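For the sequence shown, the working numbering gives the first residue as 136, with consecutive numbering after it. Take a look at the structure below.
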Amino acid sequence: LRVHGRRPSRVMSKAHGAFICSSMTDDQPVGMTVEEGFVHSSTSNPIRADRGLWTTALWTWRMWLTVQPLLGLPGLWLVQFLRLVVFVLLTLPVLGPQFVRYLTHPRVLKNIVYGPSIRHQLDIYLPDTPGPHPVVIFVSGGAWLIGYKCWPYLQALVLRANGVLVICPDYRNFPQSSINGMVTDVDAGVAWTLSNLSRLEGDPHNVTLVGQSAGAHLVAMVVAQRAALEADGDD
136 LRVHGRRPSR
146 VMSKAHGAFI
156 CSSMTDDQPV
166 GMTVEEGFVH
176 SSTSNPIRAD
186 RGLWTTALWT
196 WRMWLTVQPL
206 LGLPGLWLVQ
216 FLRLVVFVLL
226 TLPVLGPQFV
236 RYLTHPRVLK
246 NIVYGPSIRH
256 QLDIYLPDTP
266 GPHPVVIFVS
276 GGAWLIGYKC
286 WPYLQALVLR
296 ANGVLVICPD
306 YRNFPQSSIN
316 GMVTDVDAGV
326 AWTLSNLSRL
336 EGDPHNVTLV
346 GQSAGAHLVA
356 MVVAQRAALE
366 ADGDD
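Printed below as a string of structure tokens:
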């Protein structure tokens, strides 16, 4: 799905408008690098800076307790969880080094805030070459339950190395939100990206939306929703 043309901002707009530029300094000096133009970003810490470790840990624990009765703890859920642990251990020799690269890469900006929720943050993969760059907004999957912005790090690192600006927005998962809320979050992440393309040195005429699994569903819902608004004349 592509946002391609002279007015990409019409496709995604007006979602969480008050937060669209919340992570950019309003008085960014001339000559400041893209990395220096953001606040609340992190090189390797996966914790959102304005929430902190303790708040994040309590929120994670509360969400975990909420979802356990729905998943049938400790029966089938525990078996599936153990299978997932084994899968992760088997893939560590291949995926582990690249994940460390994601955590420590100086051109990967993490935890950029685009909205009020603890999940309203995104990662930015900056190319090494001068812009304007083609842009990919990559929304990860996770069965609407375990989606997270770092899941597409393998694809994003490869795209970044080939001169593509990649944005990976996070979004609320179940049980924190319904599908409608997830769609709203993705819409807000896309709107934030389109509003900040000039500072990110992205090409506003070459923006591609990519979704994987549940993320593909949410991206399709966002595009359909915005297309319906345009058809009704609501810009």
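All residues carry an ideal CB built from backbone N, CA and C; glycine is no exception. Note that this is a predicted model, so its numbers are computed, not measured.
In the DSSP annotation of this structure, the continuous segment of the alpha helix (DSSP H) that includes V358 starts and ends at 349-366. Apart from the 5 residues on each side of it in sequence, R307 sits with its Cβ closer than 7 Å to the Cβ of S252, R254, G316, M317, D320 in its chain, given in chain order. Between P304 and G277, the gap from beta carbon to beta carbon reaches 9 Å or more.
When secondary structure is reduced to three states using DSSP, Q233 falls in the helix class. In chain order, W279, L280 place their CB closer than 6 Å to the CB of F309, counting only its own chain and leaving out the 5 sequence neighbours on each side. In the three-state DSSP reduction, Y283 falls in the coil class, being neither helix nor strand. For G277, there is no enclosing alpha helix (DSSP H), as DSSP marks it with neither H nor E.
The beta carbon of G282 sits closer than 7 Å to those of S275, G276, Y306, N308, A349, G350, all from its chain and outside the five residues before and after it, given in chain order.
Following the DSSP letters along the chain, one finds N315 inside the alpha helix (DSSP H) bounded by residues 314-330. Per the C-alpha coordinates, the member of Y260, S313, E365 positioned closest to P287 is Y260. In this structure Q256 is buried. Its beta-carbon is surrounded by 16 or more other beta-carbon atoms within 10 angstroms. A straight-line Cα-Cα distance of about 15 Å links L217 and L227. Distance from Y249 to W327 at the Cβ level is roughly 4 Å; contact confirmed, criterion being Cβ atoms closer than 8 Å. The residues L230, Q233, in chain order, have a CB closer than 8 Å to that of L289 in the same chain once the five nearest residues on each side in sequence are set aside. Per DSSP, reduced to three states, the secondary structure at T226 is helical. Its Cα nearest to that of T264, the residue R242 stands out among C285, W194, R242, Q215. The beta-carbon separation of V270 and G337, rounded to 4 Å, stays under the 8 Å limit for a contact. About 14 Å separates the beta carbons of L244 and H268, which is beyond the 8 Å limit, so they are not a contact pair. For a cut-off of 8 Å, the C-beta gap from G298 to P262 is around 5 Å, short enough to register as a contact. When the beta-carbon positions are compared, V358 and L335 stay at least 9 Å from each other. Under the three-state reduction of DSSP, G346 is assigned to strand. Minimum Cα-Cα distance from H352 among the listed residues W212, N246, G368, D322 corresponds to D322. Beta-bridge partners assigned by DSSP to P304: L257.
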